[in-house]
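As structure tokens, the structure follows; a few thoughts come after it.
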Amino acid sequence: MPAVADRARAPRRAADRGRVAGSPGLRLPADTIPVAVLTLVGIGALAVLALWWKDTFNVVGAAGWLTGAGRITGLLAGYLTPLLLLLMARIPVLEHKVGSDRLARWHALAGRYMVCLVAAHILTIIWGYAYTARKSVVNEAVYVVFDYPEMIKGTLAALLMFGTAFVSARAARRRLSYEAWYYLHLTTYLAIALGFSHQIVNGADLDTGPARVLWSAYYVIAFVLLGWFRLFVPWRNDRRHQLRVAEVRPEGPGVVSVILTGEHLDELRAEAGQFFRLQFQAKGLRWTANPYSLSAAPHPRFLRFTIKDLGEHSAAVARLQPGTKVRAEGPYGAFTAGRVRARKVLLLAGGVGITPIRALFETLPAKRGDLTLLYRASWPEDVIFRHELESIAAARGARLRFLVGPRSEVGDPLTARTLSKLVPHLNRHDVFICGPESMATAAVQALRECGVKRSHIHHESFTF
Amino acid sequence: MRRAIVAGTATVSGIVLLLGLKPHSSGSALGTSSFSIGSGSNSSPSTSAAAPATTAPAAGNGQSSSSAPKSSPSTPSTSTGTKVVTGDAADTRYGPVQLQVTFSGKKITNINVLQYPTESFRDQQINSYALPILNQEAMSAQSANIDVVSGATYTSDGYAQSLQSAIDKAGA
Numbered sequence: 001m002p003a004v005a006d007r008a009r010a011p012r013r014a015a016d017r018g019r020v021a022g023s024p025g026l027r028l029p030a031d032t033i034p035v036a037v038l039t040l041v042g043i044g045a046l047a048v049l050a051l052w053w054k055d056t057f058n059v060v061g062a063a064g065w066l067t068g069a070g071r072i073t074g075l076l077a078g079y080l081t082p083l084l085l086l087l088m089a090r091i092p093v094l095e096h097k098v099g100s101d102r103l104a105r106w107h108a109l110a111g112r113y114m115v116c117l118v119a120a121h122i123l124t125i126i127w128g129y130a131y132t133a134r135k136s137v138v139n140e141a142v143y144v145v146f147d148y149p150e151m152i153k154g155t156l157a158a159l160l161m162f163g164t165a166f167v168s169a170r171a172a173r174r175r176l177s178y179e180a181w182y183y184l185h186l187t188t189y190l191a192i193a194l195g196f197s198h199q200i201v202n203g204a205d206l207d208t209g210p211a212r213v214l215w216s217a218y219y220v221i222a223f224v225l226l227g228w229f230r231l232f233v234p235w236r237n238d239r240r241h242q243l244r245v246a247e248v249r250p251e252g253p254g255v256v257s258v259i260l261t262g263e264h265l266d267e268l269r270a271e272a273g274q275f276f277r278l279q280f281q282a283k284g285l286r287w288t289a290n291p292y293s294l295s296a297a298p299h300p301r302f303l304r305f306t307i308k309d310l311g312e313h314s315a316a317v318a319r320l321q322p323g324t325k326v327r328a329e330g331p332y333g334a335f336t337a338g339r340v341r342a343r344k345v346l347l348l349a350g351g352v353g354i355t356p357i358r359a360l361f362e363t364l365p366a367k368r369g370d371l372t373l374l375y376r377a378s379w380p381e382d383v384i385f386r387h388e389l390e391s392i393a394a395a396r397g398a399r400l401r402f403l404v405g406p407r408s409e410v411g412d413p414l415t416a417r418t419l420s421k422l423v424p425h426l427n428r429h430d431v432f433i434c435g436p437e438s439m440a441t442a443a444v445q446a447l448r449e450c451g452v453k454r455s456h457i458h459h460e461s462f463t464f
Numbered sequence: 465m466r467r468a469i470v471a472g473t474a475t476v477s478g479i480v481l482l483l484g485l486k487p488h489s490s491g492s493a494l495g496t497s498s499f500s501i502g503s504g505s506n507s508s509p510s511t512s513a514a515a516p517a518t519t520a521p522a523a524g525n526g527q528s529s530s531s532a533p534k535s536s537p538s539t540p541s542t543s544t545g546t547k548v549v550t551g552d553a554a555d556t557r558y559g560p561v562q563l564q565v566t567f568s569g570k571k572i573t574n575i576n577v578l579q580y581p582t583e584s585f586r587d588q589q590i591n592s593y594a595l596p597i598l599n600q601e602a603m604s605a606q607s608a609n610i611d612v613v614s615g616a617t618y619t620s621d622g623y624a625q626s627l628q629s630a631i632d633k634a635g636a
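Structural data, given as structure tokens:
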């Protein structure tokens, strides 16, 4: 089955590459898929509201207003929940066309919004029911929780949801390791499963026919896609590719490259600029899948990743032994040649952000003289891949500039003035940025001042 | 933070707008048309001494008493001018409502709810308080021209329809 699917997809991929090299004007704008996704989400929300509208005869008195608000917020929260799963289901078209970082941001925003909707739903429903029954809010709350069917489960779901929201809140997250946060997050799957039955049994709009079937199918599909792309596909790839560590090579202070080897790696169809989530099967690393960018063009036998020592986890990576098995999820990310619309390309790297940029510098289709790389680092020893970059630049006829020195000494090189001096015809470039968030923000602002269109600035952040 | 405020404001105003666009009057359960019992009847409902208490539906069970067939023709049991008429089952969004009405002459003396929506627990909750109110309204109005019970729009509507059909049958 997979082989058939692969063959079917192969010509389309070839066509993609052909178009990158060909005339850029004929391609769809880069934001077509993200806009389409958001439109679809909006239409779905309208359909849910229409369902409520159709079933509601009138809204009478405080009870009517409160119960109505409770039903609307409940429906919207229930609609949003599977969407949150789908955003994180690693669906290839979304990963590739929208980008993992943007999906993660959408997921975080929608997640917070959903928790607020659930809170509003609980408050207004109980309050509204209390009005209708002429009981106190507390009495009605107890009654709803213990006497309404499936509401014990619904209550547990809400508590789990609020617990996760609390733990994920920025302040708390700082005090929590990535791993602990990650596993607490998994309890939300349980919450979603627990919360489902009360919607079907008590939901006034979901108790009959097509609405009920569609709603259930929507939840089932979300869970199936999640299981398929996050469990089954990685498991299958694991068996097929047999990835293991070939070499760990120091690149600079606290920076190592990990070279993986495996079978049939060309079938992964990884592209420069993409990343994998790697799970090294070694002590202390086994249970976490961290995102790492390819730092060289993918090779049928080897994949190279470069990792900066940012904590205990990366330090353990530096001590990995050759032969260690690796479980890889990916490739992910839309930070690829597919984004290019202009003839000229500028790559902007900051610090260890050079990792994906290094791979793009090697592979982006561009004529001699059309490709420029600006590499910002605070200290000379922080510059990695210096020789590799120089030889790529020489071979491709690309321009390469190192902008080295602390800001206090050299000033900020990423201003509109400096950039336009360094790169002629800046507004005719596609720009790829990878680096610390502060640098990226400053660079985007400077580029906008120079007249570079927002749709020509491609930025991938790795703050998950 | 700004985004949160925008999203919150947009959501609240959206919901308020949606709720605001719906009609807010409870109005008559039978909508615009109002009915009354048989033309020209001069029955004076309030004068009757001690109307028999209406039968409240058995809690938690829509088919209280005998499960009457949905469109059973009225079966007037004529003894001392008392007629028991089963109204048509009125389909509502949440299930059928069907009444059995006892007439003494032209006067409604008892209303028995044979069927009402019990699909969900919420339906049962709503109808357990709405039906007694509707029974009371109908007894004192002596017609299907009764007010909607708030929170039980659909049941009120079905109730009035079934009652009207029973009245029509009794009058015929």
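Protein chains in written order, with this note's numbering: chain A, 1 to 464; chain B, 465 to 636.
Quick reminder that beta carbons are idealized off the backbone N, C-alpha and C, glycines included.
Short CB-CB distance (under 9 angstroms) between Tyr79/A and chain B: Taking 9 angstroms as the CB threshold, Tyr79/A stays off the interface with chain B.
Spatial neighbours of Met465/B in its chain, beta-carbon cut-off 6 angstroms, leaving aside the 5 residues before and after: Excluding residues within five positions, none has a Cβ falling inside 6 angstroms.
Candidates Val480/B, Asn599/B, Gln606/B: closest to Ser568/B by CA position: Among Val480/B, Asn599/B, Gln606/B, the Cα nearest to that of Ser568/B belongs to Gln606/B.
Three-way DSSP call (helix, strand, coil) for Arg557/B in this model: In the three-state scheme derived from DSSP, where H, G and I count as helix and E and B as strand, Arg557/B is classed as coil.
Nonlocal neighbours in the same chain, by C-beta distance under 8 angstroms from Val345/A, ignoring five residues either side: Taken in chain order, the residues that qualify are Leu364, Ala366, Asp370, Leu371, Thr372, His429, Asp430, Val431, Phe432.
Ordered list of beta strand (DSSP E) runs contained in the region 565 to 632 of chain B, each at least 3 residues: If we require 3 residues or more, the beta strand (DSSP E) runs fully inside the region 565 to 632 of chain B come out as 571 to 579.
Closest Cα partner of Ser438/A within the set Asn427/A, Leu426/A, Glu460/A: Checked all of Asn427/A, Leu426/A, Glu460/A; the closest Cα to Ser438/A is Glu460/A.
Contacts of Gly61/A in chain B (Cβ-Cβ under 9 angstroms): Correct list: His488, Ser490, Ser614, Gly615.
Proximity test, Cβ basis, 9 angstroms: Asp583/B and chain A: One detail in the question is off: residue 583/B reads as Glu in this sequence, not Asp. Taking 9 angstroms as the threshold, the shortest C-beta distance from Glu583/B to chain A falls below it.
Secondary structure of Glu247/A, DSSP reduced to three states: In this structure, Glu247/A counts as strand in the three-state DSSP scheme.
Continuous beta strand (DSSP E) assignments of at least 3 residues falling wholly in the region 265 to 340 of chain A: Here the runs fully enclosed are 275 to 280, 290 to 293, 302 to 308, 326 to 332.
Beta carbon of Thr336/A nearer than 9 angstroms to that of Gln274/A: A contact, by the Cβ cut-off of 9 angstroms.
Partner residues on chain A for Tyr593/B, Cβ-Cβ distance less than 9 angstroms: Under the 9 angstroms cutoff, chain A gives Thr132, Ala133, Arg134.
Buried or exposed (CB count within 10 angstroms, at least 16 for buried), Asp552/B: Classification of Asp552/B: buried, given that the 10 Å Cβ count is 16 or more.
Whole-Å CB distance - His107/A paired with Thr73/A, under 8 angstroms assumed: Actually they do not touch by this definition, with Cβ atoms about 20 angstroms apart.
Cβ-Cβ distance between Phe276/A and Gly330/A below 9 angstroms: Cβ atoms of Phe276/A and Gly330/A: closer than 9 angstroms.
Inter-residue CB distance, Arg240/A and Glu263/A (contact presumed, cutoff 8 angstroms): The distance from the Cβ of Arg240/A to that of Glu263/A is about 7 angstroms, consistent with a contact at the 8 angstroms cut-off.
Gln199/A classed as buried or exposed, judged by whether at least 16 other C-beta atoms fall within 10 angstroms: Burial check for Gln199/A: the Cβ neighbour count within 10 Å reaches 16 or more, so the residue is buried.
Members of the region 191 to 207 of chain A that neighbour chain B once the beta carbon cut-off is set at 7 angstroms: Under the 7 angstroms Cβ criterion, the region 191 to 207 of chain A contributes Val201, Asn202, Ala204, Asp207.
is_contact[Asn58/A, chain B] using C-beta, thresh 9 angstroms: Yes, Asn58/A lies at the interface with chain B (some Cβ there is under 9 angstroms from its Cβ).
Contact with chain A by Asp555/B, beta-carbon distance below 9 angstroms: Cβ-Cβ to chain A under 9 angstroms: no for Asp555/B.
Nonlocal neighbours in the same chain, by C-beta distance under 7 angstroms from Glu140/A, ignoring five residues either side: For Glu140/A, the CB contacts under 7 angstroms within the same chain, skipping 5 residues up- and downstream, are Ile126, Tyr129, Ala130, Ala133 in chain order.
Same chain only: Cβ atoms within 7 angstroms of Tyr148/A, ignoring 5 sequence neighbours per side: Sequence-distant partners of Tyr148/A (beyond 5 residues in either direction) whose C-beta falls short of 7 angstroms from its own C-beta, in its chain, are Asn202.
Meets three-Cβ-pair contact criterion under 8 angstroms: the region 584 to 599 of chain B and the region 31 to 39 of chain A: Counting Cβ pairs under 8 angstroms, fewer than three are found: no touch.
Cα-Cα separation, Tyr593/B to Glu583/B: Taking the straight line from one Cα to the other gives about 16 angstroms.
Proximal residues to Val317/A (C-beta, below 6 angstroms), its chain only, five neighbours per side dropped: Closer than 6 angstroms at Cβ, skipping near neighbours: Ile307.
Chain B within 9 angstroms of Leu83/A, Cβ atoms only: Judged by the 9 angstroms Cβ criterion, Leu83/A is not in contact with chain B.
Where Lys486/B sits in the DSSP three-state scheme: In this structure, Lys486/B counts as coil in the three-state DSSP scheme.
Inter-residue Cα distance where the pair is Ala296/A and Ile357/A: Straight-line Cα distance between these residues: approximately 9 angstroms.
Spatial neighbours of Ile259/A in its chain, beta-carbon cut-off 6 angstroms, leaving aside the 5 residues before and after: So the qualifying residues of the chain are Ala246, Glu247, Phe302, Arg304.
Beta-carbon spacing of Ala193/A, Leu483/B below 9 angstroms: No. Outside cutoff.
Cutoff 9 angstroms: Asp55/A Cβ touching any chain B Cβ: Cβ-Cβ to chain B under 9 angstroms: yes for Asp55/A.
Which residues DSSP lists as bridging Ala73/A, in chain order: Per the sequence presented here, residue 73/A reads as Thr, with Ala not at that position. As DSSP reads the structure, Thr73/A sits in no beta bridge.
Cβ neighbours of Ala532/B in the same chain (closer than 6 angstroms, five flanking residues each side left out): Here Ala532/B scores only 41 on pLDDT, less than 50, and its place in the model should not be relied on; the value that follows carries that caveat. Excluding residues within five positions, the ones whose Cβ falls inside 6 angstroms are Thr550, Leu578.
Nearest-angstrom beta carbon gap, Met603/B and Tyr631/B [assumed within contact, 8 angstroms]: Contrary to the premise, residue 631/B reads as Ile rather than Tyr in this sequence. Contact check for Ile631/B and Met603/B: beta-carbon distance about 13 angstroms, past the 8 angstroms limit, so the pair fails to qualify.
Minimum length 4: unbroken alpha helix (DSSP H) runs contained in the region 128 to 194 of chain A: Secondary structure within the region 128 to 194 of chain A: the alpha helix (DSSP H) runs of 4 or more consecutive residues, fully enclosed, are 137 to 147, 151 to 168, 170 to 174 (chain order).
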